[in-house]
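One structure is given below, encoded as structure tokens.
In UniProt numbering, the protein residues as written are 1 to 439.
Have a look at this one:
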């Protein structure tokens, strides 16, 4: 008998012998290739009582199992495997021959299972994965859930030295429809996903880890949610709490833009192009002045002439002194943050007077003064931010959209963990703290 067909199918069990194959067999309404083979060998001992085989174990017929294999040439492929049955004369028990290509009492080959797990790391629906591997969507879900359970962090696992945390829109049946995610800020691997983001739930979760473990955490990067600041100070006593740079700039830009709208509305019912200029050039006001495009001439439809971005900004600032002072403050703080210059940043922040800037910008200034330590840590650790976790959140949105939403949080979590944590990358080199500042 020729075993070339088995070699092409990557079946390496020497106890399996090829018999023949059938082409274009209709199975489940589709044409398929069926390979017939037999599995037999001499067992060394009884699987039931464990007695050593010294002639007590006899052959006891065969049992045919149809095992699902990977597709070949686009056709579903099955292995009709006649497994040898054995009977032990010592205990009168019977058992079936085992093979490495499939788990016991299972009819899906390990190659198919492995491919389903690998495809779970891609943004692909379970129905598509099931069709590509000749199995049902429920089987795909079961395989992925089993694999995802092995990725769960346990209380005895060590927390990484650098952590980033954020929330994302989850399924409807969780509290507030928002869930909590945290990652290793060195390798960007997802550590765990929690269905609830409330401080009480988070405290109970992280207190499962012993204090010595939590004391080893060096940095925790978060957005500017104040309850998290108090919570993570208590949970990680030796960690530097870092505000994400994007959120620092976002808060300043948002309040500056609100005041631009306020000034713009003053010209709503007045003659002249001022209202249109303020309305159409809002991006220019929020642009970083260090960009090359800021000094280039471009056609501007509001002025109906070639203008530099700097000229447009100067025109808008000339209309309102508070807008000018607010703009100069925001641009100055952004520059100091970009250059990691803490002395200039804090000096600029503390020298602002309430009357010189808009109410919204002043509100942000007061908040930043209150949390100077976190802002200092942001500049002290320039390598750490929430960029990676924000990218993960964007991909989570893509998973939900392609899958037409999830109803069960555990299934949703399993899919996320499979995509981001199944194959972990190597640890990257952490950038050293900046400017020699103290933590």
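In this text, a Cβ means the ideal position worked out from N, Cα and C, and glycines have one as well.
Treat the numbers as computed from the prediction; the structure is a model and nothing was measured.
Identify whether residue 102 lies in helix, strand or coil by the three-state DSSP scheme.
Position 102 of the chain shown holds residue 102. Strand.
Kindly indicate which three-state DSSP category residue 517 falls into: helix, strand or coil?
Given a span of 1 to 439 for the chain in the structure shown, any question on residue 517 remains unanswerable.
List the residues that DSSP assigns as beta-bridge partners of residue 181.
Here residue 181 refers to the residue found at position 181 when the chain shown is read from its first residue. Bridge partners of residue 181: 166, 193.
Would a C-beta distance cut-off of 8 Å place residue 349 and residue 369 closer than the cut-off?
The residue you call residue 349 lines up with position 349 of the chain shown. The residue you call residue 369 lines up with position 369 of the chain shown. Inclusion of residue 349 and residue 369 in the CB contact set at 8 Å is warranted, their separation being smaller than that value.
Does the beta-carbon distance from residue 174 to residue 253 come in below 8 Å?
Here residue 174 corresponds to residue number 174 of the chain shown, with the count starting at 1. Here residue 253 corresponds to residue number 253 of the chain shown, with the count starting at 1. Against a cut-off of 8 Å, the Cβ pair of residue 253 and residue 174 comes out as no contact.
Could you tell me which whole alpha helix (DSSP H) segments of length 4 or greater appear in the stretch 223-286?
226-235, 245-265, 274-280, 282-286
So that I know if they touch, is there some Cβ in chain D lying closer than 8 Å to that of residue 371?
No chain D appears in this structure, which consists of one protein chain only.
Do you know offhand how far residue 381's Cα is from residue 270's?
Numbered from 1 along the chain shown, position 381 holds the residue referred to as residue 381. Numbered from 1 along the chain shown, position 270 holds the residue referred to as residue 270. Straight-line Cα distance between these residues: approximately 49 Å.
Alpha carbon to alpha carbon, what distance is there between residue 20 and residue 1?
As a working note, residue 1 is residue 1 in the chain shown. As a working note, residue 20 is residue 20 in the chain shown. Low local confidence applies: a pLDDT of 44 at residue 1 is under 50, so the model's placement there is unreliable, with the coordinate-based value given in what follows. Computed Cα separation, rounded: 9 Å.
Keeping to the same chain, check which residues put their C-beta closer than 6 Å to that of residue 148; ignore five residues upstream and five downstream.
As a first step, residue 148 is located in the chain shown; it is residue number 148 there, counting from the start. Hits under 6 Å: 414, 417, 418.
When burial is assigned at 16 or more other CB atoms within 10 Å of the CB, is residue 406 buried or exposed?
Sequence index remark: in the chain shown, residue 406 carries index 406 (1-based). Flag for residue 406 reads buried.
How would you label residue 126, buried or exposed, when you count the other beta carbons within 10 angstroms and need 16 or more for buried?
Within the chain shown, numbered from 1, the residue matching residue 126 stands at position 126. Under this definition residue 126 is a buried residue.
Could you pull the start and end residues of the beta strand (DSSP E) that residue 61 belongs to?
Sequence index remark: in the chain shown, residue 61 carries index 61 (1-based). That run of the beta strand (DSSP E) goes 57-72.
Give the straight-line distance between the Cα atoms of residue 341 and residue 192, rounded to the nearest whole angstrom.
Sequence index remark: in the chain shown, residue 341 carries index 341 (1-based). Sequence index remark: in the chain shown, residue 192 carries index 192 (1-based). Cα atoms of residue 341 and residue 192: separation of roughly 34 Å, rounded to the nearest angstrom.
Secondary structure at residue 107, three-state DSSP: helix, strand or coil?
By one-based count along the chain shown, residue 107 stands at place 107. Residue state, collapsed to three classes: coil.
Quick check on the burial criterion: 16 or more other C-beta atoms within 10 angstroms. Buried or exposed for residue 184?
The residue labelled residue 184 in the question sits at position 184 within the chain shown. Looking at its Cβ environment, which holds 16 or more other Cβ atoms inside 10 Å, residue 184 is buried.
Count the other CB atoms within 10 Å of the CB of residue 58; is the residue buried (16 or more) or exposed (fewer)?
For this step, residue 58 is matched to residue 58 along the chain shown. Counting Cβ neighbours within 10 Å, residue 58 comes out exposed, since fewer than 16 surround it.
Just the Cα atoms here: how many angstroms apart are residue 103 and residue 403?
As a working mapping, residue 103 is identified with position 103 in the chain shown. As a working mapping, residue 403 is identified with position 403 in the chain shown. Take the alpha-carbon of residue 103 and the one of residue 403: they are about 29 Å apart.
What are the residues that DSSP puts in a beta bridge with residue 88?
Numbered from its first residue, the chain shown carries residue 88 at position 88. Paired residue(s): 57.
If you check the beta carbons only, do residue 224 and residue 197 fall under 8 Å apart?
Residue 224 sits at position 224 when you count from the first residue of the chain shown. Residue 197 sits at position 197 when you count from the first residue of the chain shown. Not closer than 8 Å, so no.
Does DSSP classify residue 368 as helix, strand or coil?
Taking the first residue of the chain shown as position 1, residue 368 is located at position 368. Reduced to three states, the DSSP call for residue 368 is helix.
Less than 8 Å between the beta carbons of residue 161 and residue 73, yes or no?
The count along the chain shown starts at 1 and reaches residue 161 at position 161. The count along the chain shown starts at 1 and reaches residue 73 at position 73. No, they are not a contact pair.
For residue 123, count neighbouring C-beta atoms within 10 Å of its own C-beta (all shown protein chains included) and say buried if the count is 16 or more, exposed if not.
Start at 1 with the first residue of the chain shown, and residue 123 comes out as number 123. With fewer than 16 other Cβ atoms within 10 Å, it is exposed.
Would the C-beta of residue 275 count as close to the ligand COA, meaning under 7 Å from any of its heavy atoms?
In terms of ligand content, the structure shown is empty, and the ligand COA therefore cannot be addressed.
In angstroms, rounded to a whole number, what distance separates the CA positions of residue 429 and residue 53?
Along the chain shown, one-based indexing puts residue 429 at 429. Along the chain shown, one-based indexing puts residue 53 at 53. Note that residue 429 has pLDDT 48, beneath the 50 cutoff, so the model's placement of it is unreliable and the number below is only indicative. Near 57 Å, if we compare the C-alpha coordinates of residue 53 and residue 429.
From residue 93 to residue 15, what distance separates their C-alpha atoms?
As a first step, residue 93 must be located in the chain shown, where it is residue number 93. As a first step, residue 15 must be located in the chain shown, where it is residue number 15. C-alpha separation (whole angstroms): 22 Å.
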